[in-house]
Structures are given as C-alpha cells and as structure tokens.
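To keep things clear, I will list the structure first and then write my remarks on it.
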Amino acid sequence: MEFVLRENAYAFEPSLAYKTMMDKMIDNHQTGKTNYTSWEEVRKELF
Numbered sequence: 001m002e003f004v005l006r007e008n009a010y011a012f013e014p015s016l017a018y019k020t021m022m023d024k025m026i027d028n029h030q031t032g033k034t035n036y037t038s039w040e041e042v043r044k045e046l047f
C-alpha cells in the first residue's frame, strides 16, 4: 500500500495554472505586496 501511495505522489504534476499562481504568490510575498493577518488578530475577530 505504501508503495502505491509513494508512486502516485511522485507521479503528481501540478498544472501550469497552479505553477503560475504559486509564482505570483511568491513574487508578491518577496516584494511585500501580500498582507498577512496575525493569528492574534484573527482570534480577536472570531472569539
């Protein structure tokens, strides 16, 4: 069973759209364009 799962995991190939999206997310992160919300702020809003 592990062999089958491992082989299927290695066979996974992300789509071009996914790769493009990830490249954009990484670029936005590196250039400071991404706004992150801390867990503390989220917790204040939720609870």
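full-length UniProt numbering numbers the first residue of the sequence shown as 1 and each following residue consecutively.
By construction, the Cβ of each residue, glycine as well, lies at the ideal position given by its N, Cα and C atoms.
Keep in mind it's a predicted model, so treat the numbers as computed, not measured.
CB-CB length for residue i against residue j, believed under 8 Å
i     : j     : result
ASN28 : THR34 : 5 Å
Three-state secondary structure assigned by DSSP to residue i
i     : result
GLU13 : coil
MET35 : According to the sequence as given, residue 35 is Asn; it is not Met. DSSP places ASN35 in coil when its eight states are reduced to three.
MET25 : helix
PHE3  : helix
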